[in-house]
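Data first, discussion second: the structure below is written as structure tokens.
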Amino acid sequence: MVNLAVTIGKLKLKNPVMVASGTFGPEYGELININFLGAYIAKTITLKARSGNPPPRLVETPSGMLNSIGLENGGLEDFIKNKLPKLKNIKIPIIASIAGIDADDFRKLALGLNRIKKIKALEINLSCPNVKHGKRDLLIAQDEEATHEAIQAVRKATGLTIIAKLSPNVTDIKKIAKAAECAGADAVSLINTLVGLAVDIDTKKPMLGNVTGGLSGPAIRPVALHMVREVYKNIKIPVIGIGGIMNYKDAIEFILCGASAIQVGTANFVNPKAGIEIIDGIKWYLIKNGMKNVKELTGALKT
Ligand SMILES: Cc1cc2nc3c(=O)[nH]c(=O)nc-3n(C[C@H](O)[C@H](O)[C@H](O)COP(=O)(O)O)c2cc1C
Numbered sequence: 010m011v012n013l014a015v016t017i018g019k020l021k022l023k024n025p026v027m028v029a030s031g032t033f034g035p036e037y038g039e040l041i042n043i044n045f046l047g048a049y050i051a052k053t054i055t056l057k058a059r060s061g062n063p064p065p066r067l068v069e070t071p072s073g074m075l076n077s078i079g080l081e082n083g084g085l086e087d088f089i090k091n092k093l094p095k096l097k098n099i100k101i102p103i104i105a106s107i108a109g110i111d112a113d114d115f116r117k118l119a120l121g122l123n124r125i126k127k128i129k130a131l132e133i134n135l136s137c138p139n140v141k142h143g144k145r146d147l148l149i150a151q152d153e154e155a156t157h158e159a160i161q162a163v164r165k166a167t168g169l170t171i172i173a174k175l176s177p178n179v180t181d182i183k184k185i186a187k188a189a190e191c192a193g194a195d196a197v198s199l200i201n202t203l204v205g206l207a208v209d210i211d212t213k214k215p216m217l218g219n220v221t222g223g224l225s226g227p228a229i230r231p232v233a234l235h236m237v238r239e240v241y242k243n244i245k246i247p248v249i250g251i252g253g254i255m256n257y258k259d260a261i262e263f264i265l266c267g268a269s270a271i272q273v274g275t276a277n278f279v280n281p282k283a284g285i286e287i288i289d290g291i292k293w294y295l296i297k298n299g300m301k302n303v304k305e306l307t308g309a310l311k312t
């Protein structure tokens, strides 16, 4: 028997595989047994409803895709009233994902979700590249001080496990991770998408209605692996790896680079069973390598 259980803050997961925010709706429950996964991360919500960006919002690119959904969502109350009931069959920990323009927004969202028993942790989306927040037209995750303020506000508002989701669109991601850790985050997750642009040479127009979008999929994996390793070496809280994980081998790469757990995003659009296959693959890899516990692999990269 191999042990796949991991702990992230107060969250006990039976395995380290989660589905990434915005890539996996509850309707996937008709195709796979979601309860095999380690945790379910819901799509990001904001305090008030947002209509998102103009279409087209998705375009396939080499080894990946660009999206510019723009955080379309019905807001906090809609999430509680209409979206959460749809998650009633999910028995694994449900992690809500929240985004705001400043610390006060995050505080209100955290307070609003505190009263919901079904929510076991909060992923703080500081990093959606399709939406500019607060200061100087930057993402919160591009500013150490703003990151610290946002996480501190959530920390004061809730005892739930806090995961700070970081952006790769920065000069030095270690500094932002450190700011999140110092402000009381229980873990960091990285990476969100990289800003990108695709052009239609016939119309001479951008392929996306928003001009730019967030690049995801295998194309970003080497960038994500490097950033996970950098962050892992510089902070003490767990790192959750995200970025182009398509199969168990990709997941193992992230774990070796320091991830305690991983999230599967774009792969869900290609293969809804990807997450479950990855769990089986990690088990198989551990057995093949004579290992008993997935934790033995975290950060075991030989350099
Ligand atoms: C269509 C789409 C929608 C997304 N929506 C969100 C979102 O609402 N909140 C968020 O934090 N990340 C969102 N993401 C980013 C993913 O959660 C993930 O960080 C990113 O896609 C990189 O992982 P991947 O390469 O495995 O997809 C979205 C990604 C895609 C492709």
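Residues 10 to 312, numbered by the numbering used here, are exactly what the sequence shown covers, in order.
The beta-carbon is built from N, C-alpha and C at its ideal position, and this holds for glycine as well.
Inset, instruction - Look up Y49 in the DSSP assignment and give the residues it is bridged to. - result: V28 and I103
Inset, instruction - Consider the C-beta atom of S60 and the heavy atoms of ligand 1; say whether any pair is separated by less than 7 Å. - result: no
Legend entry - Neighbourhood of A14 by C-beta distance below 6 Å, restricted to the same chain and skipping five residues each side: K23
Legend entry - contact_flag[the region 222–229, the region 165–173] where n(CB pairs < 8 Å) is 3 or more: no
Inset, instruction - Put I185 into one of helix, strand or coil per three-state DSSP. - result: helix
Inset, instruction - Mind reading off the beta-carbon distance from L199 to M236? Whole number of angstroms is fine, and I expect it under 8 Å. - result: 6 Å
Inset, instruction - If I'm right that G121 touches L85 with Cβ under 8 Å, what's the distance once you round it to whole angstroms? - result: 5 Å
Legend entry - Outcome for K90 when other beta-carbon atoms lying within 10 angstroms are tallied against a minimum of 16: exposed
Legend entry - According to DSSP, residues forming a beta bridge with A173: I133 and V197
Legend entry - Beta carbon of L131 nearer than 8 Å to that of I172: yes
Legend entry - Assumed close pair A29, V273 - CB separation to whole angstroms, cut-off 8 Å: 6 Å
Legend entry - Assigned secondary structure, T16 (DSSP; H/G/I helix, E/B strand, else coil): strand
Legend entry - Limits of the alpha helix (DSSP H) - the one that V279 falls within: A276 to V279
Legend entry - Cβ contact check for the region 63–79 and the region 178–187: 3 or more pairs under 8 Å: no
Inset, instruction - Report buried or exposed for T180, applying the criterion of at least 16 other Cβ atoms within 10 angstroms of its Cβ. - result: exposed
Inset, instruction - Kindly indicate the opening and closing residues of the alpha helix (DSSP H) around L118. - result: A112 to N123
Legend entry - Pairwise C-alpha distance: N280 and P227: 14 Å
Legend entry - Residue from V204, K297, A260 and D87 with nearest C-alpha to N76: V204
Inset, instruction - Compare the Cα-Cα distances from N243 to each of I288, I271, C191 and R230 and report the closest residue. - result: C191
Legend entry - Beta-carbon spacing of L56, L118 below 8 Å: yes
Inset, instruction - Note down the Cα distance separating A207 from T70, rounded to an integer number of angstroms. - result: 8 Å
Legend entry - Three-state class that DSSP yields for M10 in the structure shown: coil
Inset, instruction - Just the C-alpha distance for G18 and G193, rounded to the nearest angstrom, thanks. - result: 11 Å
Inset, instruction - Just the C-alpha distance for K311 and K52, rounded to the nearest angstrom, thanks. - result: 36 Å
Legend entry - For T156, the first and last residue of its enclosing alpha helix (DSSP H): E153 to A166
Inset, instruction - Give a single yes or no on whether S225 has its beta carbon closer than 7 Å to a heavy atom of ligand 1. - result: yes
Legend entry - Cβ-based burial, E262 [other Cβ within 10 Å; buried from 16]: buried
Inset, instruction - For the alpha helix (DSSP H) containing A207, list its first residue and its last residue. - result: It is not in any alpha helix (DSSP H) - A207 carries neither H nor E in the DSSP assignment.
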